[in-house]
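Reading through the structure tokens given below for one structure.
2 protein chains.
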Amino acid sequence: MRYLMTIAYDGSHYSGYQKQPRMVTIQGELEKVLTKINSEKKVTVSASGRTDAGVHAYGQRAHFDLKKDWDLYKLQGSLNSLLPKDIYVRRIEKVADDFHARFDVQAKEYIYKLNMGEYNPLEKDYVYQYNEPLKVVEMERALKYLEGTHNFQSFTKADEEKEDYVRTILETRIVRDKKDINQITISITGSGFLRYMVRNIVGFLIEVGEGKRKSQDILTVLEAQDRTQAGITAPACGLYLNQVFY
Amino acid sequence: MRYLMTIAYDGSHYSGYQKQPRMVTIQGELEKVLTKINSEKKVTVSASGRTDAGVHAYGQRAHFDLKKDWDLYKLQGSLNSLLPKDIYVRRIEKVADDFHARFDVQAKEYIYKLNMGEYNPLEKDYVYQYNEPLKVVEMERALKYLEGTHNFQSFTKADEEKEDYVRTILETRIVRDKKDINQITISITGSGFLRYMVRNIVGFLIEVGEGKRKSQDILTVLEAQDRTQAGITAPACGLYLNQVFY
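Protein sequences, first through last, are from chains A and B.
Everything in the first sequence is counted per the numbering used here, starting at 1 for the first residue and increasing by one.
Everything in the second sequence is counted per the numbering used here, starting at 1001 for the first residue and increasing by one.
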């Protein structure tokens, strides 16, 4: 029986999503708990993709197989009672045996939270505290150039070797918080993402917001297909995997 | 020279505001840093009042004395560069030598954040995750009965011995978040508060919201002047010292 779960987690205290020896990871915690409720028979969890250390999720998705045909409500309750308080299973559904949480992804939405106002010690792990005003309209203009299909080699991890750096961005926007106009959320929905891609795009947008680059410079950077052209990598704490679409 | 500072802090990892031997406290961190910039001559910090372990602040106020006539911007910068990232000095001003951050308080506003929706692992230390619907209109009705001057012995710490349990509540309200109607913020402004008073009031309001008590029952509980009449103490993580008025 194959199950698909939707997971929210606070990535602050984890060495990323993916299991690694001697590290505390989201996948490691999920597999430990699932193996426990599976009478200690090893369960493997396959997520839609990894998230790096310090990155959060509201809507990560992952599948796993159990022999038993569980009542979904009971299964969810059992998992949540055993998981650490900073990982939460929001929903579980049954899926076909050939469903795959990574290979079947249609699109993903990442959001990036940035505070242009006063430093807030209560959000140090949850928002990038830039703490200075930025030209948000210019940033959104630059972001819009990314919609469509492009080679994103300039925006991936410098030493990332891939056969194919072409990805399609379906939708982008920047939303200002209604209560606090200094809080912005950058949203990027795409059919796929390269490693560090969102954080490197945000790093570039910040340089646009600072007036160091023009919005249309993003086209030159894309064309260069060279990581050194794009600029900084924005910190992990502002990034959230918000939704995965199948 | 007497200085008054406005401080925000994340109380999650502290044993409360007030200094205690062998405990990590907000006051302890502030005094350590101030003593350091005062050439290691001991500086004492006097706050508007203590906050308990796990309670947060956006607008705690505290005064201290330094021999040197500091540039305020520089002083603020020095403190923030030395303080842990979960304590932040938002503002410093100079005040008269006889000003006292505790004795001169005119009023304080506490807010209490409660989530009636789905559990959110990203806010586990910042909101009371009740995760069930509550009758908010009834809760607000009960809260409104508290405005004015009353004996609050039923709402303080059970073993708290005080000469005077009479306090004046100036303003109360419950606000629903516009983006997420399951998030409510209870605000109570008063001339003074007893220990655990806000958390015990919130505990009572929750019982009203659950339908276990009627809103007007709060009058009977006030009259009883007996802690055992009021009910539970709401958890610390939802409570914030929001503002202090002089």
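We put the beta carbon where it would ideally sit given N, CA and C, even for glycine.
As the structure is a computational prediction, the values presented were derived from the model and not from experiment.
Apply the 10 Å Cβ neighbour rule to B:Met1001 and answer buried if 16 or more other Cβ atoms are within range, or exposed otherwise. exposed
Residue ranges of each beta strand (DSSP E) run of no fewer than 3 residues wholly in the segment 104-142 of chain A, ordered along the chain? 107-115
Close beta carbons around B:Leu1194, own chain, < 6 Å, minus the five adjacent residues each side: Phe1152, Thr1156
Where A:Gly16 sits in the DSSP three-state scheme: coil
CB contact flag (A:Thr172, A:Ile184, <7 Å): no
Classify B:Lys1042: buried if its beta carbon has 16 or more other beta carbons within 10 angstroms, exposed otherwise. exposed
Residues in the same chain with beta-carbon distance under 7 Å from B:Ser1154, minus the five sequence neighbours each way, listed in chain order, please. Val1221, Leu1222, Ala1224, Gln1225, Asp1226, Arg1227, Gln1229, Ala1230
What residues in its chain sit with their C-beta under 7 Å from that of A:Glu29, if we drop five residues either side in the sequence? Leu83, Pro84, Ile87
Within 7 Å (strictly less), CB to CB, does A:Pro121 reach chain B? yes
If contact is defined by three or more beta carbon pairs under 8 Å, each pair taking one atom from either stretch, is the segment 205-218 of chain A in contact with the segment 58-68 of chain A? no
Counting only C-beta atoms, is A:Tyr9 closer than 7 Å to chain B at any point? yes
Quick one: list the residues of chain B neighbouring A:Arg90, beta-carbon separation under 7 Å, in chain order. Glu1118
Following the continuous beta strand (DSSP E) through B:Gln1183, name the residue where it begins and the one where it ends. 1183-1190
Three-state class that DSSP yields for A:Ala236 in the structure shown: helix
Residue of B:Arg1050, B:Ile1201, B:Leu1241 minimising C-alpha distance to B:Gln1020: B:Arg1050
Can you tell me the Cβ-Cβ gap for B:Gln1027 and B:Val1055, rounded? I've got them flagged as a contact below 8 Å. In fact, because the Cβ distance is near 13 Å, the residues do not count as touching under 8 Å.
Where B:Lys1085 meets chain A, residues with beta-carbon distance less than 7 Å: Pro121, Lys124
Tell me, which residues are paired with B:Ala1062 by DSSP? B:Met1005, B:Ala1047
Looking only at its own chain, which residues have a Cβ that is under 8 Å from the Cβ of A:Val89, when we skip the five neighbours before and after it? Met5, Thr6, Ile7, Gln76, Leu79, Asn80, Leu83
Contact check, B:Tyr1246 vs B:Gln1106 under 8 Å by CB: the rounded distance? 6 Å
Own chain partners of B:Asn1242 with C-beta closer than 6 Å, once the 5 adjacent residues on each side are dropped: Tyr1058, Gly1059, Glu1109, Ile1111
Simplified DSSP state of B:Val1055, which is helix, strand or coil: coil
Which residues in chain B have a C-beta closer than 9 Å to the C-beta of A:His100? List them in chain order. Going along chain B, no residue has its Cβ under 9 Å from A:His100, so there is no contact; the nearest lies around 25 Å.
Residue environment, A:Lys113, which counts as buried when at least 16 other CB atoms sit within 10 Å: buried
Rounded to whole angstroms, what's the CA-CA distance from B:Arg996 to B:Glu1031? Just pull it up for me. Outside the shown range of chain B, which is 1001 to 1246, sits residue 996 of chain B, and nothing can be said about it.
DSSP-derived helix/strand/coil call for B:Gly1211: coil
Exposed or buried, A:Glu160, counting other C-beta atoms within 10 Å across all chains shown (16 or more means buried)? exposed
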